Amino acid sequence: MLIGKTLKEIRSAKGLSLAALAEKSNTTKSYLSKIENEKRDASISTIRAVCKALGVPLNIFILLSEDVEEDEYFELNITLKELARKYVITN
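Take any residue in the sequence shown, count from 1 to its spot, add 289: that is its number in the numbering used here.
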C-alpha cells in the first residue's frame, strides 16, 4: 500500500501545501515530504494527525489503495473498526 502517494493525492485535492499540512498536523514539511516520496514510513500517530488535519477517516489509505482487493478492504475495515472500539481511536 503506497501511503505516500495517497497522502499526496489527498493533500493536493484539498489544496494544501506541504507546509500548511505540516503546521495543521504538528509535524515537519521535511518529514511529510519523505512520507509522500516513500522515503520514510509514517507512524500511526502521524497518520492519525494528518488524517485529522485533512478531515479524512483513518481508513482512507485502504479505500484509495490500488493494491487492495474489495474483499481485503472489507476485512481490513472490520479490523480497523474492532481496533477503534478496543482502543477508542477517534479522528
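Cβ coordinates follow ideal geometry from the N, Cα and C atoms, glycine included. Note that the coordinates shown come from a computational prediction; the quantities given were computed from them, not determined experimentally.
Where residue i sits in the DSSP three-state scheme
i	result
S319	helix
S402	This structure does not reach residue 402, given that the chain is present from 290 up to 380, and the question cannot be answered.
V339	helix
S301	helix
L310	helix
L291	coil
E325	helix
A347	Per the sequence presented here, residue 347 reads as Leu, with Ala not at that position. Correct three-state label for L347: coil.
Chain C within 9 Å of residue i, Cβ atoms only
i	result
E312	Annotation note: the requested chain C is absent from the structure, which comprises a single protein chain.
Residue closest to residue i, alpha-carbon to alpha-carbon, out of the options
i	options	result
L343	K323, L310, S322 and T316	L310
S306	N348, F350, P346 and S322	S322
Inset, instruction - Specify whether the segment 327-338 and the segment 300-307 touch according to this definition: at least 3 beta carbon pairs, one from each stretch, less than 8 Å apart. - result: No contact exists between the segment 327-338 and the segment 300-307.
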